[in-house]
Every structure is written in structure tokens, then in C-alpha cells.
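**Q** Counting in this note's numbering, the first sequence runs from 14 upward without gaps. Glycine included, every Cβ here is placed at the ideal spot set by N, Cα and C. I'd like to ask you about the structure that follows.
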Amino acid sequence: MPEQIFQNEFEKKTVFSDRNLIMPHHTPDELPFRDEQISDVSNVVAHALKDKRPENIFIYGKVGAGKTCVTKHVMNKLNEFASSNNVCAECCYVNCRTHNSKYRILSKIVKDFYPEENFLGFSAAFIYEKLLSHAGRGNHVIIILDEIDKVRDLDELVYGLIRGNDEIDKGSLSIIGISNNVRFKERLDPRTKSSLCQQEMVFAPYNAIELTEILKQRVEKAFKPNTVSDSAINLAAAYSAKESGDARTAIMLLLKAGELADKSEKSFVTDEEVRKARKAVEEEIIFSLVNTLPEQQKFVLYAIAKLSLENNPYKTITGRIEEGVLFSGEVYREYEKVAKHFKESAVSARWYREYISELEIYGLIVTTNSGKGIKGQTRLIKLASEPAKIKELIESEFLKQ
DNA sequence: CCTCCACAGGAAGCGCAGGAGT
DNA sequence: ACTCCTGCGCTTCCTGTGGAGG
């Protein structure tokens with residue numbers, strides 16, 4: 014039986030030549046339209062090769078604008094160059110989503126330098142000293158903090174690392190911070206801010222033309238020749254450019270489209286696959302979004318979906334007629350019923366409004382302020398996607414438990 | 001014009017979990 | 001091991017707002 018499955022899988026036709034090259038985490042050798050940024054980062058980092066401390070860099074840009082790719086690319090090149098020329102400069106990459114405190118970051122860095130030793134359970138001070146003595150031997154250490162906004166005690170971390178430079182005669186410590194959150198910089202301690210932002214760089218999102226070129230390059234490497242039509246690539250680029258200019262989702266879109274082609278045993282990826290892939294990706298996002306919602310918020314969303322289905326007689330708003338539009342108060346009362354049904358107590362009306370605002374930020378619902386024709390001031394709520402699907406999704410979630 | 005309605009959203013404060021300091 | 005502190009989710013209370021209706 015397994016032999017049969019293996020044999021089938023082995024013989025299965027595929028449009029991919031090397032699927033790994035189109036996975037989201039893969040760092041490509043070439044980064045189109047980022048030459049300027051690469052040389053900017055390299056110029057700063059290059060000081061380390063001349064036994065000088067590179068300035069700290071703060072890189073800001075939206076998701077999928079190539080921030081991580083560019084820094085990782087420069088990091089790899091620098092590490093290569095340093096080791097082949099016997100220079101004591103090294104980069105160390107930390108993703109702060111998983112290492113989100115000073116202690117975790119420091120242990121991760123030290124562990125990278127001494128892979129054979131185990132630092133679990135050692136005090137923060139010990140690990141800090143270990144890092145300092147490593148740098149103090151003449152090493153120029155550049156620490157890349159990706160998603161730096163996720164660090165809980167960033168002020169202390171930055172302060173500690175900067176101050177560390179005063180305590181060592183040789184070598185140095187520098188930071189490259191990467192973030193996609195604009196407002197995060199504002200909450201920083203002014204001293205942290207000024208030392209972290211010695212050099213500031215902004216990565217603009219890609220436009221449709223650039224995305225097309227990026228996708229073409231990836232397709233050439235990851236797909237078999239002539240399996241992806243030009244218009245499919247253009248479509249994927251156009252979708253992503255319109256929404257965010259995000260290269261990562263554009264690439265994901267093509268990966269998904271390729272998978273769909275394989276599944277239906279087609280040997281080409283066309284517009285149709287890209288369109289289907291987009292729908293699938295959207296649904297996946299909604300699915301995971303809804304799944305991670307707190308229970309009470311699921312009740313609220315469920316109440317909205319339920320009412321949207323029931324209230325089919327269209328609600329009239331002066332001048333226009335819309336389907337599935339609900340009043341805030343009406344939803345709250347329904348939500349109370351839903352919560353009661355599941356034997357949970359409902360949150361207060363005030364907090365329910367916070368839930369509504371949050372659901373809107375997530376893009377699960379759309380709200381507008383009531384205008385003329387409606388008593389008082391209230392919000393009109395509408396589900397952003399199909400009510401039946403949302404209702405079904407949440408119902409299946411609760412049946413599982 | 002005033003009052004009422006049906007909410008929006010700010011401010012203060014409460015209870016709790018979990019991390020830091022001792 | 002213990003306190004202390006802090007952030008988080010939430011409630012309570014309150015003021016503000018814009019249209020309906022008298």
C-alpha cells in the first residue's frame with residue numbers, strides 16, 4: 014500500500030522544478046530593485062571590515078518589501094567575506110517574534126557563537142558578559158533584530174548593547190533593527206531612539222511592474238520552463254500591487270496557483286489558477302483570523318452572521334437599499350442571546366464596541382456611521398464576507414469543543 | 001428650539017496572571 | 001519562596017453627538 018502511494022507521488026506530474034525556491038522563507042541570490050538598499054546597508058556594515066564600529070541601522074518598511082531579504086543577503090555576504098579574508102566581523106540574525114525579550118535575544122546570540130555550549134538557565138548577567146568578552150576579543154558583532162517592535166524590554170536591551178561598547182577596548186556591538194510598524198518608534202525612550210536610528214532606511218513597497226519582474230525571476234527558477242503564462246504572472250503581480258505591494262504574498266499566490274495546477278493534473282498555470290489561488294488564500298486568512306479570535310468575539314461575529322442571514326427583508330437607509338446591514342444595538346442584543354445559549358456571560362456593551370472596532374480593523378466587518386433617516390447615532394454593521402460561510406465556520410469550531 | 005433616543009468613545013478603576021526583584 | 005509591579009481584559013460611569021419628533 015505505501016509503495017503504491019510513493020509510486021504515485023513519484024510519478025505525479027508537476028509544474029515545479031524546484032519547489033523550495035518559491036517557498037516564502039527562501040532568500041534568493043538576486044534581489045531585483047533593491048540594489049540601492051543593498052549598497053546602503055553594505056556601506057554602513059563595511060566599517061566592521063576596517064576595524065571600526067558600524068553605526069546602528071533602523072530599517073522600516075511594509076511587509077514583503079524586502080527588508081529581511083536585503084539584510085540577510087548582506088549578512089551572508091559579509092560573513093563570507095570576513096571568514097575568507099580572516100577579518101573578525103560577524104552578523105547574527107534574531108527574529109524577535111520568537112525571541113521577544115532581552116534575555117531570550119542575548120541567549121540566542123551567544124548560542125550562535127558557541128553552538129556546542131548550553132546556556133539554559135544561566136543568569137542574564139552571565140550571558141551578557143559572555144557576549145561582551147566575545148566581542149572584546151576584537152570581534153565586530155552586528156546584531157540583526159528582525160521584527161524589533163516585538164521586544165518587550167527593548168529600551169534595556171538597546172541600552173545594554175550600546176553601553177557594552179564602552180566596556181570593551183577592541184571589537185564592537187552594533188544593531189540593525191527591522192520593523193514594519195511605523196508607530197512603534199514613537200513609544201521608544203528618546204535615548205534608545207536616537208542611538209538605534211543613527212542610520213534610518215525606508216523600504217518602499219514594490220509596484221506592479223517590479224513585482225512582475227520579481228515573479229518572473231522566481232518562476233524561472235522554481236517552475237519548469239513554459240508552465241506559467243505571462244498573463245498569470247501579471248495577474249498575480251497586479252493583485253498584490255493593488256493590495257499591498259507585498260512580494261511575499263505575490264510569491265505565495267504563485268506557489269498556491271502551481272499547487273492547484275498540480276492537483277487538477279494540469280501542466281500549465283493560467284489566470285484561472287491564480288484567481289482560484291487568490292480566493293483560497295483569502296479564505297485561509299479569514300479562517301485563521303476567525304480561529305484565533307477570543308471566544309466572546311466569536312460570539313459577536315456569529316451574532317452578526319446569524320442576523321445577516323435572518324434579516325433578509327432589506328433594511329432601508331435613505332436613498333439606498335442594502336442587504337445585511339445591521340444596527341449596533343440590534344447586534345448586541347443578539348450577541349447576548351448567543352452567549353446565553355452557550356452558557357457564557359456576555360461582556361458589557363462598552364467592551365462589545367471595542368470588539369466591533371477590532372473586527373473592523375481585521376477586515377471581517379465593515380461599519381459606517383448612521384446618517385440621515387436613522388434615529389440617534391449608531392454604527393451600521395455589515396459582514397465583509399459571506400455570512401453563511403462565517404456562520405458555518407464558527408459553528409464547526411464550537412462543535413469540536 | 002428643545003428633548004429624547006441610541007448609541008460612541010473617553011476616563012478611571014478593578015481583579016488577575018505572570019514576570020522581576022529580593 | 002515571597003512580595004511587588006505591571007500589563008491586560010474588562011466593567012462602571014460619564015460626557016458627547018447627531019438626527020427624530022414634538
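Can you list, in chain order, the residues of its chain with a C-beta nearer than 6 Å to that of residue 332? Leave out the 5 residues immediately preceding and following it.
**A** What you label residue 332 is simply residue 319 of the first sequence in a count that begins at 1. Per-residue confidence for residue 332 stands at a pLDDT of 39, beneath the threshold of 50, marking its modelled position as unreliable; no derived number is given.
**Q** Can you check which of these residues, 234, 273, 402, is closest to residue 286 by C-alpha distance?
**A** In the first sequence, counting from the first residue as 1, residue 286 sits at position 273. Checking every option, the nearest Cα to that of residue 286 belongs to 273.
**Q** Considering only their Cβ atoms, is the gap separating residue 342 from residue 395 smaller than 8 Å?
**A** On the first sequence, residue 395 is found 382 positions in, with the first residue counted as 1. On the first sequence, residue 342 is found 329 positions in, with the first residue counted as 1. Result no, Cβ atoms of residue 395 and residue 342 do not sit closer than 8 Å.
**Q** Contact defined as beta carbons within less than 8 Å: I believe residue 85 pairs with residue 116. What is the distance between those atoms, to the nearest angstrom?
**A** As a working note, residue 85 is residue 72 in the first sequence. As a working note, residue 116 is residue 103 in the first sequence. In fact, because the Cβ distance is near 24 Å, the residues do not count as touching under 8 Å.
**Q** Starting from residue 102, follow the beta strand (DSSP E) in both directions and report where the run begins and ends.
**A** Walking along the first sequence from the start, residue 102 turns up at place 89. Element bounds for residue 102: 102 to 108.
**Q** When you compare the CB positions of residue 224 and residue 250, do they come within less than 8 Å of one another, or not?
**A** The count along the first sequence starts at 1 and reaches residue 224 at position 211. The count along the first sequence starts at 1 and reaches residue 250 at position 237. The answer is yes: Cβ separation under 8 Å.
**Q** What are the uninterrupted segments assigned as beta strand (DSSP E) that are 3 or more residues long and contained completely in the stretch 251 to 322, given in chain order?
**A** Segments of the beta strand (DSSP E) lying fully in the stretch 251 to 322: there are none.
**Q** Under DSSP, the alpha helix (DSSP H) around residue 140 begins and ends at which residues?
**A** Here residue 140 is taken as the residue at index 127 of the first sequence, counted from 1. From DSSP, the alpha helix (DSSP H) with residue 140 extends over 137 to 149.
**Q** So is residue 215 buried or exposed if we call it buried at 16+ other beta carbons inside 10 Å?
**A** Reading the first sequence from its first residue, position 202 is the one you call residue 215. Answer is exposed; the Cβ neighbour count stays below 16.
**Q** Hey, how far is the Cα of residue 188 from the Cα of residue 158?
**A** The residue you call residue 188 lines up with position 175 of the first sequence. The residue you call residue 158 lines up with position 145 of the first sequence. In a straight line, the C-alpha of residue 188 is about 7 Å away from that of residue 158.
**Q** In or out: residue 365 buried (at least 16 other Cβ within 10 Å) or exposed?
**A** As a position in the first sequence, residue 365 is number 352, starting the count at 1. Buried, because 16 or more other Cβ atoms sit within 10 Å of the Cβ of residue 365.
**Q** Please classify residue 309: is it buried, with 16 or more other beta-carbons within 10 angstroms of its beta-carbon, or exposed?
**A** Numbered from its first residue, the first sequence carries residue 309 at position 296. Burial call: buried.
**Q** Helix, strand or coil: how does DSSP classify residue 342 here?
**A** Start at 1 with the first residue of the first sequence, and residue 342 comes out as number 329. Three-state result, residue 342: helix.
**Q** Name the DSSP beta bridge partners of residue 382, please?
**A** By one-based count along the first sequence, residue 382 stands at place 369. For residue 382, which the question treats as bridged, DSSP gives the partners 392.
**Q** Grouping DSSP H, G and I as helix and E and B as strand, with all else coil, what is residue 97?
**A** Here residue 97 is taken as the residue at index 84 of the first sequence, counted from 1. DSSP places residue 97 in helix when its eight states are reduced to three.
**Q** At the level of alpha carbons, what is the spacing between residue 267 and residue 218?
**A** Numbered from its first residue, the first sequence carries residue 267 at position 254. Numbered from its first residue, the first sequence carries residue 218 at position 205. Spanning the two alpha carbons is a distance of roughly 19 Å.
**Q** So residue 8 and residue 318 are supposed to be a Cβ contact under 8 Å. How far apart are they, rounded?
**A** This structure does not reach residue 8, given that the chain is present from 14 up to 414, and the question cannot be answered.
**Q** Tell me which same chain residues have a C-beta within less than 7 Å of the C-beta of residue 181, skipping the five on either side of it?
**A** For the purposes of this step, residue 181 is identified with residue 168 of the first sequence, where counting begins at 1. Cβ neighbours of residue 181 beyond the five flanking positions: 145, 148, 149.
**Q** For residue 344, count neighbouring C-beta atoms within 10 Å of its own C-beta (all shown protein chains included) and say buried if the count is 16 or more, exposed if not.
**A** Looking up residue 344 in the first sequence gives position 331. When all chains shown are included, residue 344 counts as buried.
**Q** Closest to residue 170 by C-alpha separation, out of 197, 178, 118, 33, would be which residue?
**A** Residue 170 sits at position 157 when you count from the first residue of the first sequence. Closest by alpha carbon: 118.
**Q** Report back the beta-carbon spacing between residue 261 and residue 45 to the nearest angstrom; my notes put them in contact at under 8 Å.
**A** Along the first sequence, one-based indexing puts residue 261 at 248. Along the first sequence, one-based indexing puts residue 45 at 32. Contact doesn't hold; Cβ gap of about 15 Å is too wide.
**Q** Helix, strand or coil for residue 408? Go by DSSP, reduced to three states.
**A** Taking the first sequence and counting its residues from 1, one reaches residue 408 at position 395. Helix.
**Q** With H, G and I counted as helix, E and B as strand and the rest as coil, what does DSSP make of residue 177?
**A** Within the first sequence, residue 177 is the residue found at index 164, counting from 1. Residue 177: helix per DSSP, three-state reduction.
**Q** Can you find the residues in the same chain that come closer than 8 Å, C-beta to C-beta, to residue 357, ignoring five residues on each side of it along the sequence?
**A** Start at 1 with the first residue of the first sequence, and residue 357 comes out as number 344. Closer than 8 Å at the Cβ level, and outside the excluded window around residue 357, lie 308, 309, 312.
**Q** Please classify residue 193 as buried or exposed, where buried requires at least 16 neighbouring CB atoms within 10 angstroms.
**A** Numbered from its first residue, the first sequence carries residue 193 at position 180. Answer is buried; the Cβ neighbour count reaches 16.
**Q** Of the choices 248, 387, 323, whose alpha-carbon is the least far from that of residue 347?
**A** Sequence index remark: in the first sequence, residue 347 carries index 334 (1-based). The residue with the shortest Cα to Cα distance from residue 347 is 323.
**Q** Determine the burial state of residue 407: buried for a count of at least 16 other Cβ atoms within 10 Å of its Cβ, exposed for fewer.
**A** Here the question's residue 407 lines up with position 394 in the first sequence. Classification of residue 407: buried, given that the 10 Å Cβ count is 16 or more.
**Q** Looking at the strands, I want to know which residues DSSP matches up with residue 154.
**A** Here residue 154 is taken as the residue at index 141 of the first sequence, counted from 1. Residue 154 is bridged to 103, 186.
**Q** What ranges does the alpha helix (DSSP H) occupy inside the stretch 17 to 63, keeping only unbroken runs of at least 4 residues that lie completely in it?
**A** Segments of the alpha helix (DSSP H) lying fully in the stretch 17 to 63: 48 to 58.
**Q** Ordered along the chain, which non-local residues of its own chain (more than five positions away) have a Cβ less than 6 Å from that of residue 47?
**A** One-based indexing of the first sequence puts residue 47 at position 34. Closer than 6 Å at the Cβ level, and outside the excluded window around residue 47, lie 79, 83.
**Q** Near residue 293, what residues of its chain come up, given a Cβ to Cβ distance below 7 Å and the 5 sequence neighbours on each side ignored?
**A** Within the first sequence, residue 293 is the residue found at index 280, counting from 1. The residues are 269.
**Q** For residue 97, count the other beta carbons within 10 Å of its own beta carbon; 16 or more makes it buried, fewer makes it exposed. Which is it?
**A** Numbered from its first residue, the first sequence carries residue 97 at position 84. Classification of residue 97: exposed, given that the 10 Å Cβ count is below 16.
**Q** Classify residue 211 as helix, strand or coil using the three-state DSSP reduction.
**A** Your numbering for residue 211 matches position 198 in the first sequence. If DSSP states are grouped into helix, strand and coil, residue 211 belongs with coil.
**Q** Could you pull the DSSP bridge partners for residue 216 from this structure?
**A** Here the question's residue 216 lines up with position 203 in the first sequence. In the DSSP output, where bridge partners are listed per residue, residue 216 has 74.
**Q** I'd like to check one pair, residue 113 with residue 76: are the Cβ atoms closer than 8 Å?
**A** Residue 76 sits at position 63 when you count from the first residue of the first sequence. Residue 113 sits at position 100 when you count from the first residue of the first sequence. Cβ atoms of residue 76 and residue 113: not closer than 8 Å.
**Q** Just how far apart, CA to CA, sit residue 168 and residue 197?
**A** Here residue 168 corresponds to residue number 155 of the first sequence, with the count starting at 1. Here residue 197 corresponds to residue number 184 of the first sequence, with the count starting at 1. When rounded, the distance between both Cα atoms is 12 Å.
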